[in-house]
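Start counting at 1 in the sequence shown, then tack on 556, and there's your number in our numbering.
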Amino acid sequence: MENTSNSPKLERTLGPLMLWGLGVGYVISGMYFGWNLGLAEGGTLGLAIATFFIVIMYVTFTFSYTELACAIPKAGGAFDYADRALGRNWGFLGGMAQIIEFVFAPPAIAAAIGAYFNLFLKTEPVFVEIAGASIEIPWLAILAYFAFTALNIAGVKAAATFELVITILAVGELLIFAGVTLPEFEVVNLQHNAFPNGIPGIFAAIPFAIWFFLAIEGVANVAEETKNPQKNVLIGFGSAIFTLVILCVLTFTSSVGVAGWEAIVYDADGNMSDSPLPLAIGHVVGQSGVWYHLIVSIGLVGLIASFHGIILASGRATYEFGRMNLAPKALGKVHSKFRTPANALIFNMVIGIIALMTGKTGEIITIACFGALALYIISMISFFALRNNEPDMERPFRVPLYPIFPALALIIATISMVAMSYYNQQLALIFLAILAVSFGLYKLVYDKK
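Written out as structure tokens, the structure reads:
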């Protein structure tokens, strides 16, 4: 059951500029870290080919998803679309995939925030002994979780305004990075060991190509808090994906072009790094120059933009589950003063911190990508079902080149899911186990029909 009319409701305060800030902000951390790990799988050429097809998927998906978001402007996003098109069971699976994506992405970003802070502050990791094992406590990342969860609870307008400001700074910082590194760009660096693992490397690099754009669909989750959503969601989505494609190409080429892909994957000790941009610019200006410290310090802004933004979107996705009685009702409550989904935000924070403590950034990214691809597949199936079953539904925006765009998004997402499952079989089983257990609990406890 939904909340009664006397219960607090989400407040409509967001315009198109705020939506652009959220859309770019959700994703922009993918330019700062994570994607570089795909170079170890596919090399420059392997990751570039994977990214080319993923860009096609995201462009076609974004326009198709915009049609759904404008027609059904509700906080649940994928859950609401699949629920209407395919029924409650598929709605639950689509919504749960969305929650997995949005809950597992922030801890990966938090780990990178800790890595950048350690570079900036020159701090040493903190370890504690637990059951005879030495466990690192990422206290800076945990502190960030508390701070930005609190900001999101305080109000969506304040959260979105903060997101817009830091997103603009993060975009500017990427442009500065490109301006410093491109003069040192050499084509030979792109060609060096460009395809080390052949065709299999392309498929193995897919989750890291997805990381460039992961969570752009979060714009749809604030549709209930958007003024004139039928118009502004389109503007926000369209301008955000255009900005992100340009930044992706610019960051990829300027980073690898400085000293080859190995230079931004491995640090001086030979370990895989969560901070590729400082590694790249370090080859240009050294590790003591003004530009280096600027990139490290402002680079934190880009990570914070996505961390904060995805926390915002994930709160709405979990809130919708509670509101629709698919999870504990407490998750579907809106704070009486701030009119934000405070309980859902706190719940997501607890799960995120538990994932963060594992210290497995690459694996967390991959699980988030599994959630994203499942969301994309179910959403595109829902898209076709609604076009077929409800042709007269009011659609303020219609995807261009129908049915080519949604079909391309569905095909590439499906192939990517199969490839990721093949190359990450254990993580695929973990993802399926989370879906199966949550679905079983839903059927046993919350399904009253």
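A virtual CB, placed ideally from N, CA and C, is assigned to each residue, including glycine. Note that this is a predicted model, so its numbers are computed, not measured.
**Report entry** Candidates Gly871, Ile860 and Gly735, of which the one nearest Ala710 by Cα
**Finding:** Out of Gly871, Ile860 and Gly735, Gly871 has the C-alpha closest to the C-alpha of Ala710.
- [ ] Could you check the C-alpha separation between Ala824 and Val583 for me, to the nearest Å?
- [x] 28 angstroms
**Message:** Within 8 angstroms, do at least three Cβ pairs link the region 694 to 702 to the region 660 to 675?
**Reply:** The answer is yes - the region 694 to 702 touches the region 660 to 675, with three or more Cβ pairs under 8 angstroms.
| said: Comparing C-alpha positions only, which one of Ala886, Asn944 and Ala969 sits nearest to Tyr958? | reply: Asn944
Open item on the list: By the DSSP assignment, the alpha helix (DSSP H) with Ser831 in it spans what residues?
Closed with: Run containing Ser831: none; DSSP gives neither H nor E here.
Point to revise | DSSP beta-bridge partners of Thr782 | key: Leu570
task: Could you say which of Lys893, Ala819 and Glu719 lies nearest to Ile866 if we only look at CA atoms?
output: Closest in C-alpha terms to Ile866, from the list Lys893, Ala819 and Glu719, comes Glu719.
Expected contact under 8 angstroms - CB spacing of Phe759 and Ala924 to nearest Å:
Wrong, their Cβ atoms sit about 18 angstroms apart, outside the cutoff.
CB-CB length for Leu991 against Met652, believed under 8 angstroms: 6 angstroms
Q. If you draw a straight line from the alpha carbon of Gln786 to that of Leu901, how long is it in whole angstroms?
A. Cα to Cα, Gln786 sits roughly 26 angstroms from Leu901.
Worksheet item: Alpha carbon to alpha carbon, how far is Glu946 from Ala819?
Response: 53 angstroms
Hey, is the region 930 to 937 in contact with the region 642 to 651, meaning 3+ C-beta pairs nearer than 8 angstroms? yes
To the nearest angstrom, how far is it from the Cα of Leu725 to the Cα of Ala861? 9 angstroms
May I have the straight-line CA-CA distance separating Ala898 from Lys889, to the nearest angstrom? 8 angstroms
- Item | Simplified DSSP assignment, three categories, for Tyr1012 | In the structure as shown, the chain begins at 557 and stops at 1005. Residue 1012 is therefore absent and cannot be evaluated.
Using only alpha-carbon positions, find the residue among Ala779, His864 and Thr970 that is nearest to Tyr637. Looking at the Cα atoms, Ala779 is the closest of the given residues.
Original post:
Of all the options Ala761, Gly842 and Ala873, which has the alpha carbon lying nearest to the alpha carbon of Leu593?
Top reply: Ala761
### Query
So Val814 and Val840 are in contact, right, with Cβ under 8 angstroms, and what is the actual spacing, rounded?
6 angstroms
Expressed to the nearest angstrom, what Euclidean distance is found between the alpha-carbon atoms of Tyr701 and Asp948?
Straight-line measurement puts the Cα of Asp948 at about 44 angstroms from the Cα of Tyr701.
Review point. If we call anything under 9 angstroms between Cβ atoms a contact, is Ile772 one with Leu800?
Key: yes
*Start and end of the alpha helix (DSSP H) containing Glu544?*
Because the chain is modelled from 557 through 1005, residue 544 falls outside the range shown and cannot be assessed.
| message | Could you pull the DSSP bridge partners for Tyr537 from this structure? | response | Here the chain covers residues 557 to 1005 and nothing more, so residue 537 does not appear.
| Taking the alpha helix (DSSP H) that Leu901 falls in, what are its first and last residues? | Ala898 to Leu912
Three-pair Cβ contact test at 8 angstroms for the region 847 to 857 versus the region 602 to 615: no
Notebook entry, point to check: For Glu876 versus Ala631, is the C-beta distance shorter than 9 angstroms?
Noted result: yes
Pull up the distance between the alpha-carbon of Val580 and that of Gly754, whole angstroms please. 32 angstroms
Alpha carbon to alpha carbon, what distance is there between Ile933 and Ser994?
-> 19 angstroms
*By how many angstroms is the C-alpha of Thr705 removed from the C-alpha of Met905?*
7 angstroms
**Asked** Assuming Gly590 contacts Phe764 under a Cβ cut-off of 8 angstroms, what Cβ separation, rounded to an integer in Å, is found between them?
**Response** 6 angstroms
CA-CA distance, Gly757 and Glu597? 5 angstroms
What residue does the alpha helix (DSSP H) around Pro756 start on, and which one ends it? Gly754 to Ala760
Measuring only the C-alpha atoms, how far is Ile920 from Ala911?
Roughly 8 angstroms between the two C-alpha positions.
Quiz prompt | Reference Val812; option with closest CA among Ser585, Phe894, Leu601 and Thr569 | solution = Leu601
Open item on the list: For His864 and Leu578, what's the separation of their Cα atoms in angstroms?
Closed with: 9 angstroms
Practice problem: May I have the straight-line CA-CA distance separating Val659 from Tyr848, to the nearest angstrom? | Solution: Approximately 32 angstroms between the Cα atoms of the pair.
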